[in-house]
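Numbering (the numbering used here), first residue to last: 11 to 179. All remarks here apply to the structure that follows.
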């Protein structure tokens, strides 16, 4: 079905409306016109996956990561940097206001891609090989990765030797 994304929810999913119910679509952007497959219904509404981007919203950008479509490690790489910062700032302000705290006077500090020092991998074991992996978005299925662009270069450089060592075990 076709759907227009109206906003982003707290987990970063785009939200559109179908028959008066919210339809949550990961890796989408406000203003996107999408062809969507509904994958589940629950008490919050409907949940779908992008089958095709018919017309991108103004804040959509191409993800630089080759694993982004399958990997669940990053959820917002489809957002242009300014839209990402605005979303994260809104989430912080909403959380603080909800807790009765004053809004900060200083702006948020954002970490550049390739500067992350912490990540949580899982181990994917297929027959005789093993590899570092991330979970697919909201799934128990594992996606083996040979690199992670958000990591600092020294950590990135460890991934291939770790994958090699894991496969040897």
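We treat Cβ as the ideally placed atom computed from N, Cα and C, and that holds for glycine. Note that this is a predicted model, so its numbers are computed, not measured.
Using a 10 Å radius around the Cβ and a threshold of 16 neighbouring Cβ atoms, would you call residue i buried or exposed?
i: residue 134; result: buried
i: residue 155; result: buried
i: residue 29; result: exposed
Rounded C-beta distance between residue i and residue j? I'm assuming under 8 angstroms.
i: residue 132; j: residue 144; result: 7 angstroms
Hey, how far is the Cα of residue i from the Cα of residue j?
i: residue 141; j: residue 124; result: 21 angstroms
i: residue 50; j: residue 12; result: 16 angstroms
i: residue 129; j: residue 53; result: 31 angstroms
i: residue 39; j: residue 47; result: 16 angstroms
i: residue 56; j: residue 169; result: 37 angstroms
i: residue 107; j: residue 21; result: 18 angstroms
i: residue 36; j: residue 58; result: 8 angstroms
i: residue 177; j: residue 153; result: 15 angstroms
Where does the unbroken beta strand (DSSP E) through residue i begin, and where does it stop?
i: residue 45; result: 43 to 52
i: residue 13; result: 12 to 14
Which residues in the same chain as residue i place their Cβ atom closer than 8 angstroms to its Cβ, once the five residues preceding and following it in sequence are excluded?
i: residue 95; result: 118 and 120
Can you tell me where the alpha helix (DSSP H) with residue i in it begins and where it stops?
i: residue 136; result: Premise fails: residue 136 lies in the beta strand (DSSP E), 132 to 136, not in any alpha helix (DSSP H).
i: residue 24; result: No alpha helix (DSSP H) contains residue 24, which is instead part of the beta strand (DSSP E) from 24 to 28.
i: residue 92; result: 91 to 108
i: residue 140; result: Here residue 140 belongs to no alpha helix (DSSP H); instead the beta strand (DSSP E) covers 139 to 145.
Identify, in the order they occur along the chain, each residue of the same chain with its Cβ nearer than 7 angstroms to the Cβ of residue i, setting aside the five sequence neighbours on each side.
i: residue 162; result: 124, 125, 126 and 127
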